[in-house]
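Report on the structure given below.
In our numbering, the protein residues as written are 83 to 579.
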């Protein structure tokens, strides 16, 4: 007697069953089953979701403050176009105007930095001047950390403070004014200490004019355009920008730019700041070239309400010599308004590929309504278990011998309908001998309703083979059932029905 195989632990058996189930489910094929649920509330939700999706993709008009137009969301978002962002751009700026301080007239060469004019230009509106600096030794500024001292012991010779103005000599000397002392440094003297001359240049600065010439190019579409439309040579000498009457005259007053950015000119000129001039080139190249126009906007770029980083200033020096030998310089700390010209844009032109992709996306999104309603149907409805039973069916394909695979394939594909069973499932089984009345000749079978019995795989195979034999003109041999099976499945009188 063979030894019994050891039984697997319960956990291992459960894992094996789970693995077999997952492996079997991996090869299942799922196909949708259509069920009509006559529920008006659910149908209303379904149609409303579909309607909202259609409105988003197709039917929402975009008349923002204008008359109802034929431009819809699908068109406004240019989903049907091939697009290109970030055009190639060139910017040239030029500032003109004069101003004056308390005792001096200032022209463009003095208050515009850098003078060549590019996408960034700085206009000086206030300066602090430290004149006649020469190389030598002098007291360090009291604004430098740890510069104050009481004796030479407090100053280390050769020490260099990156926030200071020079290298310390090791001496403690009296300050420029007052009774305080600071460490002596070797530097450009006298150092800048906040008591320099102050000049305000912003009195006439709002009337300065700034020419901003901009040209853009979209290489994908080979499209180029500039922000100056007129071909007359003297056009720019007599025009000023106006969004409505003269949008192609790119000459802006400095006061106009600051006002459009929402800033106070006097305050901005005193502390300095950065203003951005943003030019947007959003072009629909399916339309004429005249519809591609620049749009200007203005805003402040530096943090206005952050004391540590608001404002804008820089330093520069002017050098000269006295008697041809001693080099002297004038140090200028300048506060000003910096103009940053920033160019954005996007161009689009009709293309078949993005049109097909976005249209398919829109049509696929409509299926969200069915998914939502299925979730409601199977989760929140009163008869959700009944709906789930009706919606999900499992169909198992009969396993046939390998020699009869054409029959199996034909049955699976539905090419051969199974013939009616040789045995009626509507007739009740015969009572056992000795119990109840027997059926004689001419007696009628009692009518009874019973649940249908599933056909065995062997019987189904034989029936399909019989059907194929009738179609092909030959009948394959059918194995005869055993005597025991005939007795148990063929009661008296039922084999002839």
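C-beta: ideal position from N, C-alpha, C; glycine also.
Bear in mind the structure is a predicted one, so any value in this text is a computation, not a measurement.
So, using beta-carbon positions, are residue 208 and residue 351 closer together than 8 Å?
The residue labelled residue 208 in the question sits at position 126 within the chain shown. The residue labelled residue 351 in the question sits at position 269 within the chain shown. In contact: residue 208 and residue 351 (Cβ atoms closer than 8 Å).
For the beta strand (DSSP E) containing residue 253, list its first residue and its last residue.
Counted from its first residue, the chain shown places residue 253 at position 171. Element bounds for residue 253: 249–256.
Roughly how many angstroms separate the alpha carbons of residue 317 and residue 335, rounded to a whole number?
As a first step, residue 317 is located in the chain shown; it is residue number 235 there, counting from the start. As a first step, residue 335 is located in the chain shown; it is residue number 253 there, counting from the start. When rounded, the distance between both Cα atoms is 17 Å.
Output the distance between the C-alpha atoms of residue 132 and residue 357, rounded to the nearest integer angstrom.
Numbered from its first residue, the chain shown carries residue 132 at position 50. Numbered from its first residue, the chain shown carries residue 357 at position 275. Residue 132 and residue 357: Cα-Cα distance of roughly 47 Å.
Please name the residue, chosen from 253, 365, 458 and 423, that lies closest to residue 54 on a Cα-to-Cα basis.
Missing from the structure shown is residue 54; the chain here goes from 83 to 579 and no further.
Hey, could you find the ends of the beta strand (DSSP E) residue 210 is sitting in?
As a first step, residue 210 must be located in the chain shown, where it is residue number 128. First-last of the beta strand (DSSP E) with residue 210: 202–221.
Short Cβ contact (8 Å threshold) for residue 221 with residue 309
Counting from 1 along the chain shown, the entry for residue 221 is found at position 139. Counting from 1 along the chain shown, the entry for residue 309 is found at position 227. By the CB criterion at 8 Å, residue 221 and residue 309 fall outside the cutoff.
By the three-class DSSP mapping on this structure, what secondary structure does residue 321 have?
If you number the chain shown from 1, residue 321 lands on position 239. Here residue 321 sits in coil by DSSP.
Within 10 angstroms of the Cβ of residue 471, are there 16 or more other Cβ atoms? Answer buried if so, exposed if not.
The residue given as residue 471 occupies position 389 in the chain shown. Residue 471 should be labelled exposed.
Since residue 455 contacts residue 124 with CB under 8 Å, what's their CB separation in whole angstroms?
As a position in the chain shown, residue 455 is number 373, starting the count at 1. As a position in the chain shown, residue 124 is number 42, starting the count at 1. So it is a contact: roughly 6 Å between Cβ atoms.
In whole angstroms, what is the alpha-carbon distance linking residue 444 and residue 435?
One-based indexing of the chain shown puts residue 444 at position 362. One-based indexing of the chain shown puts residue 435 at position 353. Each residue's Cα considered, the two are about 14 Å apart.
Return the Cβ separation of residue 303 and residue 465 in integer angstroms, given the expectation that the two are a contact with Cβ distance under 8 Å.
For this step, residue 303 is matched to residue 221 along the chain shown. For this step, residue 465 is matched to residue 383 along the chain shown. About 59 Å separates the two Cβ atoms, so there is no contact after all.
Could you please give the first and the last residue of the uninterrupted beta strand (DSSP E) stretch that includes residue 165?
For this step, residue 165 is matched to residue 83 along the chain shown. Here the beta strand (DSSP E) through residue 165 covers 163–167.
Please report the distance separating the alpha-carbon of residue 368 from that of residue 419.
As a first step, residue 368 is located in the chain shown; it is residue number 286 there, counting from the start. As a first step, residue 419 is located in the chain shown; it is residue number 337 there, counting from the start. Roughly 40 Å separates the two Cα atoms.
Would the beta-carbon of residue 249 fall within 8 Å of that of residue 260?
By 1-based counting over the chain shown, the position of residue 249 is 167. By 1-based counting over the chain shown, the position of residue 260 is 178. No, Cβ-Cβ distance for residue 249 and residue 260 is not below 8 Å.
Could you check the C-alpha separation between residue 583 and residue 393 for me, to the nearest Å?
Examination of residue 583 is not possible in this model, given that the chain is present from 83 through 579 alone.
Between which two residues does the beta strand (DSSP E) harbouring residue 379 extend?
Walking along the chain shown from the start, residue 379 turns up at place 297. Annotation: the continuous beta strand (DSSP E) that includes residue 379 extends over 377–382.
Inter-residue spacing [alpha-carbon to alpha-carbon] between residue 96 and residue 105
In the chain shown, the residue the question calls residue 96 occupies position 14. In the chain shown, the residue the question calls residue 105 occupies position 23. Whole-angstrom Cα-Cα distance: 14 Å.
Tell me whether residue 94 is buried or exposed, calling it buried when 16 or more other Cβ atoms sit within 10 Å of its Cβ.
Along the chain shown, one-based indexing puts residue 94 at 12. A residue is called buried once 16 or more other Cβ atoms fall within 10 Å of its Cβ, and residue 94, having fewer, is exposed.
Quick check on this structure: which residue in 382, 468, 112 and 279 has the alpha carbon closest to the alpha carbon of residue 347?
Position 265 of the chain shown, counting from 1, holds the residue named residue 347. That would be 382, whose Cα lies nearest to the Cα of residue 347.
Is it true that the CB of residue 271 sits closer than 8 Å to the CB of residue 237?
The residue given as residue 237 occupies position 155 in the chain shown. The residue given as residue 271 occupies position 189 in the chain shown. Contact: no.
Sequence-distant residues of its chain with Cβ nearer than 6 Å to residue 450 (five each side left out)
The count along the chain shown starts at 1 and reaches residue 450 at position 368. Result list for residue 450: empty, nothing under 6 Å.
Mind checking which residues open and close the alpha helix (DSSP H) that includes residue 102?
Here residue 102 refers to the residue found at position 20 when the chain shown is read from its first residue. For residue 102, the uninterrupted alpha helix (DSSP H) segment begins and ends at 92–108.
Which residue comes first and which comes last in the alpha helix (DSSP H) that contains residue 347?
Within the chain shown, residue 347 is the residue found at index 265, counting from 1. Following the DSSP letters along the chain, one finds residue 347 inside the alpha helix (DSSP H) bounded by residues 347–353.
Pull up the distance between the alpha-carbon of residue 111 and that of residue 365, whole angstroms please.
For the purposes of this step, residue 111 is taken as the residue at position 29 of the chain shown. For the purposes of this step, residue 365 is taken as the residue at position 283 of the chain shown. Taking the CA atoms as reference points, residue 111 sits about 49 Å from residue 365.
For residue 146, count neighbouring C-beta atoms within 10 Å of its own C-beta (all shown protein chains included) and say buried if the count is 16 or more, exposed if not.
As a working mapping, residue 146 is identified with position 64 in the chain shown. The pLDDT assigned to residue 146 is 35, lower than 50, so where the model puts this residue is not dependable; a value taken from the coordinates is nonetheless given after this. It counts as exposed.
Using 8 Å as the Cβ pair cut-off and three pairs as the minimum, do the region 393–404 and the region 170–180 touch?
Look at the beta carbons and you see the region 393–404 not touching the region 170–180: under three pairs across the two are nearer than 8 Å.
Please classify residue 299: does DSSP put it in a helix, a strand, or coil?
Here residue 299 corresponds to residue number 217 of the chain shown, with the count starting at 1. Residue state, collapsed to three classes: strand.
Rounded Cβ spacing between residue 283 and residue 206 (contact assumed at less than 8 Å):
As a first step, residue 283 must be located in the chain shown, where it is residue number 201. As a first step, residue 206 must be located in the chain shown, where it is residue number 124. 6 Å between Cβ atoms; contact.
Do residue 210 and residue 62 have their beta-carbon atoms positioned less than 8 Å apart in this structure?
Since the first residue shown for the chain is 83 and the last is 579, residue 62 is missing from the structure and cannot be characterised.
8 Å Cβ cutoff met for residue 580 and residue 184
The chain is shown from 83 up to 579; residue 580 falls before or after that span and cannot be answered.
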